[in-house]
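For reference, the structure discussed in these notes is given below.
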Amino acid sequence: MLRLWPLLLLRLLARAHDSVQGINAVTFATSDMRASYDFYAKLGMNCTYGGPSSDFTTFGTGGGPSGGDNRYHVNIFRSSSCAPPAHGAWNGVGRSIFYVSDVDVFFNQITDAGLKAEFAPKDADWGERYFHILDPMGNELAFAAPLKPLVV
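Counting with the numbering used here, you get residues 2 to 153 for the letters of the sequence shown.
Here it is, written out as structure tokens:
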């Protein structure tokens, strides 16, 4: 039976690969809901649940029980054990990548809203144009678009 375990695991992973359609949400902790709320609102995201004084807030495109297209959600939950890193540095936890229709237009919109990106948009060797920005807790967000149209 132990020899069959790797085969069973591979079959389960293959089924998951065939079943997973995309990532619907990312979730970040914050010790300052107001600062996090303001940041995501300045990115142009719509608050679909909670708010600046809530313990759990969702930004996104609607969906779920409330309707909408359900393309993505960014969840923020209040956590007293979470603290922003010193000097606005990346917290080293991870990076979430969001595709936008035009990286340069989006960059200009968020900088006009008062947000500061880590660097201006640039072309990457792997075929994307992108930039990074940190949220108030040091979570790194990348906004990107393929340099060539995606073939689906």
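Note that the Cβ used here is the ideal one computed from N, Cα and C, for glycine as well. These figures come from a predicted structure and were not determined experimentally.
When 62, 92 and 148 are compared, the shortest CA-CA separation from residue 102 is found for 148.
Taking the Cβ atoms as the reference, residue 25 lies roughly 6 Å from residue 74, within the contact range of under 8 Å. In the three-state reduction of the DSSP assignment, residue 25 falls in the coil class. The DSSP-derived three-state label of residue 124 is strand.
Taking the Cβ atoms as the reference, residue 60 lies roughly 11 Å from residue 136, outside the contact range of under 8 Å.
Here residue 23 is actually not in contact with residue 38; their C-beta atoms are around 25 Å apart, not less than 8 Å. The three-state reading of DSSP puts residue 93 in coil, since its state is none of H, G, I, E or B. Listed as beta-bridge partners of residue 48 by DSSP are 60.
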